[in-house]
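Numbering follows this note's numbering, in which position 221 of the first sequence is assigned residue number 495; successive positions increment by one, without gaps.
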Amino acid sequence: MKIHQYIQQSLLDAIKKSKFSTEDLPEIQIGPGKQKQHGDLSTNIAILLASKEKKHPQDVARVIVHHLNLDESKISQINVAGPGFINFTFHLDYVRGAVNEIIELGDRYGRDDWGNGKKTQVEFVSANPTGPLTIGHGRQAVLGDTIARLLEATHHEVTREYYFNDAGRQMRILGDSVRLRACELSGDKIEFPDDYYQGEYIRNIARQAIKEKKSQYARSEKHIPYFQSLAERVIFDDIKQTLSRLGIAFDVYYNEKSLYETGRVKRVIQELREKNLAYNRDGAVWFRTTHFGQEQDRVIVKSSGEPTYRLPDIAYHKDKMERGFDLVIDIFGADHIATYPDVLAGLEALGYDSSRVKVLIHQFVTLSEGKEKIKMSTRKANFVTLDELMDEVGVDATRYFFLNRSMSTHLNFDLSLAKTQSEENPVYYVQYAHARICSILRYGQQQGIDTESKTDLSLLKAPEEIDLMKTLMMFPDVVASAAREFEPHRIPTYLEEVATVYHRFQHAGKKDDTLRVVTEDVPLTLDRLALCRATRIVLANGLTLMGISKPEKM
RNA sequence: GCGCCCGUAGCUCAAUUGGAUAGAGCGCAGGCCUCCGGAGCCUGAGGUUUUGGGUUCGAUUCCCAACGGGCGUACCA
């Protein structure tokens, strides 16, 4: 049993013995406090109970503590503090045991089973192949991949999926953009419309087209499909290469077109009609979204006969349900915030439990140049590509850049600032700690020490050592909460803390010889090196979760 | 106009989901290498958490209003 549950259970028993009412008792929350002096874990249950019992919180706390029966080899100290908190301090032997467990588990430390093999799909990026991936897509790509990694670490069976549409109007414009550039390159005078794709990459594709076909070929609009499919192929290859550079591989690329070809789109309309949730008006087909609490009904088939985006989206999500995913995670940018309720309503309408779908919305990345804000647009070629960013700052810093802030923050991106800050990127701080530990382990070996030997860590008692041990113990909870709440940024926040506490621990030996890691005192040296190994494991496992390398030298 | 998201140190961001004295990095001012990595450590300055109300033992967190920014608000995706 985990220590949290153990204390929780004991508290419950104590409350019962104290004869306080356990009727609609709030859940006993237990967690680490912000301050060291408040112990390792604390609970506010006495404060909550006091208002119901109309007694002083401190008195309630004292009565609970009086009836509390905890194993002293785990919890060495219990006290009541402040406005009625009950604080618990771990017994050092318990802490040492936990650190030894880290070493035994190695790269399995931090993993958990609670996902129970749940079949999970994470859909992200899903950019249509109209241009290179930008830093906007980068945020989503890195978030999605890391959420997938977190879920894998907590025993979910994860499918990474990329949804795209290569048949829409935008793709036709893309094809025609290439065709026009090909004409231009062949010396024709052309008018290039404003709403066509302006990027330089279009010319590159046009050059390739000219190599493959005679220049005459571009003059006919009949040949747009050729230019379109060439563009799609070239751009998709580029996208996949960018993703692979970032360490991201999708299991499934799902083409919207197939939803029509297999009749899935049609079937959705039929089913909605059968349930009287779709009807005709003004030549269009409407979905009765008001039935699901929305303000107005929505068109799913235009009077022109073309479906709106909602219909294939619903069909796609129905297909996700049919494929048996227990949990479906959709990661969208803020621009999709208004569309997903329609999709969820669609699933409800078709008889599915839409709570299986978890929609995560991340805020946009805005580009700025000096004080000027630029609206990113693939069509207008106002963007910084993900490749450019990786060229400038490297893959690790790129991933870290997107991961160390929460999804809900607006991200203002200034490339020149990113360049100057790349050397100050906190990723190096964390990686440096890892490299430094590898170095001291090598040093230990050079001194003829068997750095792998087993110890009981009983000689570790300096404040720096205790802090470090206790910090390392928190990793599994950090991973679990990051996975449960879909908040990857908790990992880097925590790793920076680990690095700080580690640096402090190793640095202590510079001021005070008795705190050096490798000394003449062999048993003590072994204990300290074991602590180094445990720290390295936590940093390495955390970095792996983020898809970031863990250098042994820098 | 209406809806959703956001507003925390000069800058970029945290804050264990309602907890105790709001914390880091960068930048700024100082200090620390004969010796395990100075890509490091320590000290300091810097805040009315945009503003004003409310809820309660307790609010950066929840509610209301205002201000500022982002995104939507289509028979575009």
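Using N, Cα and C, we set each Cβ at its ideal position, and we do this for glycine too.
It should be emphasised that the depicted structure is a prediction, and the values quoted were computed from it without experimental measurement.
Q: Give the range of the alpha helix (DSSP H) segment to which ASN374 is assigned.
A: Taking the first sequence and counting its residues from 1, one reaches residue 374 at position 100. Note, ASN374: alpha helix (DSSP H), 366-379.
Q: Might you give, ordered along the chain, the residues of its own chain that have their beta carbon closer than 7 Å to the beta carbon of SER292, omitting 5 neighbours on each side?
A: Numbered from 1 along the first sequence, position 18 holds the residue referred to as residue 292. VAL337, ILE338, HIS341, listed in sequence order.
Q: Please state if the CB of HIS684 and the CB of GLN637 are separated by a distance shorter than 8 Å.
A: If you number the first sequence from 1, residue 637 lands on position 363. If you number the first sequence from 1, residue 684 lands on position 410. Result yes, Cβ atoms of GLN637 and HIS684 sit closer than 8 Å.
Q: Would you please state the rounded distance, in angstroms, between the beta carbons of TYR614 and ASP604? I believe it to be under 8 Å.
A: As a position in the first sequence, residue 614 is number 340, starting the count at 1. As a position in the first sequence, residue 604 is number 330, starting the count at 1. That pair is a contact at about 7 Å.
Q.
Whole angstroms are fine: how far does the CA of LEU379 sit from the CA of PHE599?
A. Here residue 599 refers to the residue found at position 325 when the first sequence is read from its first residue. Here residue 379 refers to the residue found at position 105 when the first sequence is read from its first residue. The alpha-carbon atoms of PHE599 and LEU379 are separated by roughly 30 Å.
Q: Compute the distance between the beta-carbons of THR317 and LEU285, then report whether it is under 8 Å.
A: For the purposes of this step, residue 317 is taken as the residue at position 43 of the first sequence. For the purposes of this step, residue 285 is taken as the residue at position 11 of the first sequence. Cβ atoms of THR317 and LEU285: closer than 8 Å.
Q | Reduced DSSP secondary structure (H/G/I, E/B, other) of ARG778 | A | Taking the first sequence and counting its residues from 1, the one referred to as residue 778 is at position 504. ARG778: helix per DSSP, three-state reduction.
**Q.** 6 Å CB neighbourhood of SER350 in its chain, flanking five on each side removed
**A.** The sequence position of residue 350 within the first sequence is 76, counting from 1. THR363, HIS365, listed in sequence order.
Q | Boundaries of the beta strand (DSSP E) in which LYS393 is found, first to last residue | A | In the first sequence, counting from the first residue as 1, residue 393 sits at position 119. Note, LYS393: beta strand (DSSP E), 392-397.
**Q.** Closest Cα partner of GLY384 within the set GLU666, LEU425, ALA623
**A.** Taking the first sequence and counting its residues from 1, the one referred to as residue 384 is at position 110. Of the candidates GLU666, LEU425, ALA623, the one whose C-alpha sits nearest the C-alpha of GLY384 is LEU425.
(Q) Looking only at its chain, what residues have a beta carbon closer than 8 Å to the beta carbon of LEU715, apart from the 5 residues adjacent to it on each side? (A) By one-based count along the first sequence, residue 715 stands at place 441. Cβ neighbours of LEU715 beyond the five flanking positions: THR725, LEU803, CYS806, ARG807, ARG810.
**Q.** First and last residue of the uninterrupted beta strand (DSSP E) at ASP604
**A.** For the purposes of this step, residue 604 is identified with residue 330 of the first sequence, where counting begins at 1. ASP604 -> beta strand (DSSP E) spans 601-607.
Q: Return the chain-ordered ranges of every alpha helix (DSSP H) run that is complete within the segment 737-822 and spans a minimum of 4 residues.
A: 737-747, 749-758, 764-785, 796-820
(Q) Which residue wins for smallest C-alpha separation from GLN414, given the options PRO406, VAL772, MET681? (A) As a working mapping, residue 414 is identified with position 140 in the first sequence. Among PRO406, VAL772, MET681, the Cα nearest to that of GLN414 is on MET681.
Q. DSSP three-state call for VAL514: helix, strand or coil?
A. If you number the first sequence from 1, residue 514 lands on position 240. Residue 514 is actually Lys in this sequence, not Val. LYS514 falls in the helix class under three-state DSSP.
Q. Starting from GLU474 and walking both ways along the alpha helix (DSSP H), at which residues does that stretch end?
A. Taking the first sequence and counting its residues from 1, the one referred to as residue 474 is at position 200. Its alpha helix (DSSP H) spans residues 474-486.
(Q) Measuring only the C-alpha atoms, how far is GLU739 from PHE779? (A) For the purposes of this step, residue 739 is identified with residue 465 of the first sequence, where counting begins at 1. For the purposes of this step, residue 779 is identified with residue 505 of the first sequence, where counting begins at 1. Each residue's alpha carbon lies about 6 Å from the other.
Q | Three-state secondary structure assigned by DSSP to GLY829 | A | Outside the shown range of the chain, which is 275 to 828, sits residue 829, and nothing can be said about it.
Q) Among GLY358, ILE377, ILE289, ASP787, which has the Cα closest to the Cα of LEU731? A) Taking the first residue of the first sequence as 1, we reach residue 731 at position 457. Of the listed residues, the one whose Cα sits closest to LEU731 is ILE377.
Q) For LYS654, which of PHE398, ASP468, ILE321 has the nearest alpha-carbon? A) For this step, residue 654 is matched to residue 380 along the first sequence. Among PHE398, ASP468, ILE321, the Cα nearest to that of LYS654 is on ASP468.
(Q) I'd like to confirm the pairing. Which residues does DSSP put opposite TYR553 in its beta bridges? (A) Position 279 of the first sequence, counted from the start, is the residue given in the question as residue 553. The partner list for TYR553 (beta bridge, DSSP) reads TRP560.
(Q) Can you check which of these residues, TYR280, LEU315, LYS326, MET828, is closest to ASP298 by C-alpha distance? (A) Position 24 of the first sequence, counted from the first residue, corresponds to residue 298. Closest option to ASP298, Cα to Cα, is LYS326.
Q.
So for GLY305, helix, strand or coil by DSSP?
A. Within the first sequence, the letter at position 31 stands for residue 305. Reduced to three states, the DSSP call for GLY305 is strand.
Q. Residue ranges of each beta strand (DSSP E) run of no fewer than 3 residues wholly in the segment 564-650, ordered along the chain?
A. 572-575, 601-607, 631-636, 639-643, 646-648
(Q) Using a Cβ distance threshold of 8 Å, determine whether the segment 438-446 contacts the segment 769-784, with at least three qualifying pairs required. (A) no
Q. Can you round the beta-carbon distance between ALA736 and SER696 to whole angstroms, since I take them to be within the 8 Å contact cut?
A. Numbered from 1 along the first sequence, position 462 holds the residue referred to as residue 736. Numbered from 1 along the first sequence, position 422 holds the residue referred to as residue 696. 36 Å between Cβ atoms; not a contact.
Q. Would DSSP call LEU691 helix, strand or coil?
A. The count along the first sequence starts at 1 and reaches residue 691 at position 417. It is helical.
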